[in-house]
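K.L.:
This is the structure I want to talk about, given as structure tokens.
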Amino acid sequence: MVETLRKKARKSNMTRFILSVIGVIGLLVITEFAVFEVLSGPKKMDITLDPSTYEGKYVTIDAEYFLYDYIEHSTTTTRKYGGKSTSINGYSYLVFQSVDDYENETSTWYFYSIYLDKERQGELSLKIDEAFTYWNDETGKEAPPEPVTVTGFWKPMDVQTESYFRQALAKLEITETEFDKLYFYELDTENLGGSNKALFWVFMAVAAGLAIYAVMCAVGFFGNGYMKDIQNYLQKDGSVSLAAIEEDFNQARIFEKSVWVGRKWTIYMQGRNAFILANKDLVWGYYFSRTGRNSVSEMRLYTAEKKLYHISLTEKNTQDALKIYLEEQPQMVVGYSKELEKLYNKKFNEFLDLKYNPAKRDISGEELPM
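Position one of the sequence shown corresponds to residue 11 (my numbering), numbered consecutively onward.
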């Protein structure tokens, strides 16, 4: 018995381990493995390096000059019963950094894009005004705007964003020169790993849960946790030995390779663990099914302590198992009706009087107290 249950538990643990690992890897792939970038912290960006150096990296930069909110990002929702609503999500800004070469008395401007949430529109509109005031000042009295520290993923622009970016540059009469560098990249502050931040962290929470579960399955593969319920049963009932359970198990009828109905005990696998029920404690059993999205096919067993156990089985196998209980467990009511359910829930003692109490009297000569 122990070896049979161990093999089934190991198989279940291995299957669950593999599926969990696949799930973790899948979520990491979907999110472009961005979690490792985020957890290690953003890298300080050197705007003078080749922009591809930071491609796909989580970076931070002190953005100096905001010139133009050249794209308004919005979402349009079509209502079920007609009509549409549009909400603004954020803006893409044309930005540049100025890097001075004091030795040659020159300055190089690096133009790129930053996406920021709509909540910051007011702040950044002021920054745009400050940038143009400073840019157009010929007196040298205007102070440059305070930089805005921005953190996000540095990514190449998609085709549409690049098109709008080029239009914005043309509108401001900005062209590529020795001292004007155009980077067709955007610092994305909205998304992490290609998903919005909320969804990204949901994915990571699920991935973390799967990783923990995979570790548990790996431990379970080598351990004997699958026997915990049987061991607890043996501890509670000192009159029963593992050898007696094994003897009954070896003569039990097996259903779907995971349920063993013996004369004294019913043992079944649920997931990666084995469970045991003393047949003498069973008072009712029947088949239950539910179709649809959350379909169920199971044998339901109730004990004298009003505990319910769900054992996954097909209808045919459940009916075959119930025949065994009907023949070998005289204290059990087999089959379902609304009247039986009402009696069990409302008048439990009367339910026990149907078969359980009479059977106990036949065995002991007197009704056992409940």
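We put the beta carbon where it would ideally sit given N, CA and C, even for glycine.
State the CB to CB distance for the pair Leu-192 and Leu-179, rounded to an integer number of angstroms; the pair is presumed to be in contact (CB under 8 Å).
P.N.:
That pair is a contact at about 7 Å.
K.L.:
Suppose contacts are defined by Cβ-Cβ distances below 8 Å. Is Pro-155 in contact with Glu-140 by that definition?
P.N.:
Yes; because the gap between Cβ atoms is below 8 Å, this pair is in contact.
K.L.:
Can you tell me whether Arg-273 is helix, strand or coil according to DSSP?
P.N.:
DSSP places Arg-273 in coil when its eight states are reduced to three.
K.L.:
Do Tyr-91 and Lys-128 count as a contact pair if the criterion is CB distance below 8 Å?
P.N.:
Cβ atoms of Lys-128 and Tyr-91: not closer than 8 Å.
K.L.:
Hey, how far is the Cα of Val-105 from the Cα of Tyr-144?
P.N.:
Whole-angstrom Cα-Cα distance: 14 Å.
K.L.:
If we call anything under 8 Å between Cβ atoms a contact, is Ala-331 one with Leu-323?
P.N.:
A contact, by the Cβ cut-off of 8 Å.
K.L.:
Is Glu-172 near Phe-142, with beta carbons less than 8 Å apart?
P.N.:
No, these two residues do not count as a Cβ contact at 8 Å.
K.L.:
Taking only beta-carbon positions, decide if Tyr-112 is within less than 8 Å of chain B.
P.N.:
In the structure shown, chain B does not exist; there is a single protein chain.
K.L.:
Just list the residues that DSSP pairs Gly-162 with in beta bridges.
P.N.:
In DSSP, Gly-162 forms a bridge with Val-69.
K.L.:
Taking the straight line between their C-alpha atoms, what separation do you get for Ala-153 and Asp-147?
P.N.:
Distance between the alpha carbons of Ala-153 and Asp-147 is about 10 Å.
K.L.:
Which whole-angstrom value is the C-beta distance of Ala-224 and Phe-27, which I expect to be below 8 Å?
P.N.:
Indeed they touch by this definition, with Cβ atoms about 5 Å apart.
K.L.:
Buried or exposed: which applies to Gly-51, given that a residue is buried once 16 or more other Cβ atoms fall within 10 Å of its Cβ?
P.N.:
So Gly-51 ends up on the exposed side.
K.L.:
Three or more C-beta pairs under 8 Å: does that hold for the stretch 301-309 against the stretch 342-361?
P.N.:
In short, these stretches do not touch, since the Cβ pair count stays below three.
K.L.:
How about the stretch 215-230 and the stretch 17-37: do they share at least three Cβ pairs that are nearer than 8 Å?
P.N.:
Contact between the stretch 215-230 and the stretch 17-37 is present, because at least three Cβ pairs lie under 8 Å.
K.L.:
Rank Phe-361, Glu-257, Met-214, Leu-292 by C-alpha distance to the C-alpha of Gly-33 and give the top, closest one.
P.N.:
Closest option to Gly-33, Cα to Cα, is Met-214.
K.L.:
Tell me whether Thr-143 sits in a helix, a strand or coil according to DSSP, three-state version.
P.N.:
Helix, per DSSP.
K.L.:
Under the rule that 16 or more other beta-carbon atoms within 10 Å means buried, what is Gln-261, buried or exposed?
P.N.:
Exposed, since its Cβ has fewer than 16 Cβ neighbours within 10 Å.
K.L.:
Taking 8 Å as the limit between beta carbons, can you name the residues of its chain near Glu-360, skipping five residues before and five after?
P.N.:
Here the set comprises Leu-353.
K.L.:
With a threshold of 8 Å on Cβ separation, who are the neighbours of Ala-382 within its own chain once the five nearest residues in sequence on each side are excluded?
P.N.:
Summary: the structure shown does not reach residue 382, with the chain confined to residues 11 through 380, and so no result is reported for it.
K.L.:
In angstroms, rounded to a whole number, what distance separates the CA positions of Glu-376 and Lys-370?
P.N.:
Residue confidence for Glu-376 is low, a pLDDT of 45 falling below 50, so the modelled location carries little weight and cannot support an answer.
K.L.:
For the stretch 242-257 against the stretch 61-77, are there 3 or more C-beta pairs whose distance is under 8 Å?
P.N.:
In short, these stretches do not touch, since the Cβ pair count stays below three.
K.L.:
Please report the straight-line C-alpha distance between Glu-186 and Tyr-125, rounded to a whole angstrom.
P.N.:
Cα to Cα, Glu-186 sits roughly 22 Å from Tyr-125.
K.L.:
With Leu-292 and Gln-339 assumed to form a contact (beta carbons below 8 Å), what rounded beta-carbon distance in angstroms separates them?
P.N.:
6 Å between Cβ atoms; contact.
K.L.:
Helix, strand or coil: which one does DSSP assign to Thr-63?
P.N.:
Three-state DSSP puts Thr-63 in a helix.
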